[in-house]
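In what follows, a structure is listed as structure tokens, so that the remarks can point back to it.
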Amino acid sequence: MNQGDFKYEWVTKIVEGGNDWQLVNGGPKAGKLSLSQWNKPSSEKHEQATAFKKILNAMYTLPYAISNAAELFTITNLARFYMCLPLVSGTLDGPLALAQDWTMKQLWQTPEKLLQLSIELRHKNLFHDVLMFSLGPFSRPVFFDWDDQELKKILMPHHKLRSRAFGALEQTIILVLDDYQQ
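For the sequence shown, position 132 matches number 132 in UniProt numbering, and the numbering has no gaps at all.
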């Protein structure tokens, strides 16, 4: 058996009255495709198509880049629908490493959503980056103002641990300075 023996025809089907789309196996069971009913602006069509292409790149271990947090959210939504979150998560290290120019800026804008996303993806590095940001500033951490109580429960032990570590460091600095002055 070779790869040529496997042939699939995938088609786009518009659902929910033109508000969403699905990729379905073509043929008579696909039903009415309703492509003319698509209600989304052309920019969103492009975002969805680009995100889907990046999922395919992940499936075939081809390189891809993520240009902003919105694109990461779109990719994750599609990966959730197509039940390939582990696959996408496993390929995110490269795209996120290349995305340093936007990740820091967007951590300021959407840390709560990015932390939820990192948990859903079970992506350790993204979780760690967002966690570190969410614990600051020391005087009043960002996560104190969040509505999501579950995230607060996750972050609170990290905040307490960090507070103890900073307290111990502060005492050490005071002792060293005191010894230095004598």
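Idealized CB from N, CA, C, for every residue including glycine.
Per-residue burial, residue 23 [other beta carbons within 10 Å of its own, 16 or more giving buried]: As a position in the sequence shown, residue 23 is number 23, starting the count at 1. Per the 10 Å Cβ criterion, exposed.
Backbone CA spacing between residue 178 and residue 164 [nearest angstrom]: Start at 1 with the first residue of the sequence shown, and residue 178 comes out as number 178. Start at 1 with the first residue of the sequence shown, and residue 164 comes out as number 164. About 21 Å.
Segment contact flag, the stretch 137 to 156 with the stretch 102 to 120, C-beta cutoff 8 Å, min 3 pairs: Below 8 Å, enough C-beta pairs join the stretch 137 to 156 and the stretch 102 to 120 to call them touching: three or more.
Exposure label - residue 91; buried when at least 16 CB within 10 Å: Reading the sequence shown from its first residue, position 91 is the one you call residue 91. Residue 91 is buried by the Cβ-count criterion.
Cβ neighbour criterion (16 or more within 10 Å) applied to residue 155: Locating residue 155 in the sequence shown gives position 155, where the first residue counts as 1. By the neighbour-count criterion, in which a residue is buried when 16 or more other Cβ atoms sit within 10 angstroms of its Cβ, residue 155 is buried.
8 Å Cβ shell around residue 59 - same chain, five flanking residues per side excluded: Numbered from its first residue, the sequence shown carries residue 59 at position 59. So the qualifying residues of the chain are 84, 87.
Member of 159, 104, 96, 117 whose CA lies at the smallest distance from the CA of residue 79: As a working note, residue 79 is residue 79 in the sequence shown. Comparing Cα-Cα distances from residue 79 to each of 159, 104, 96, 117, the minimum goes to 117.
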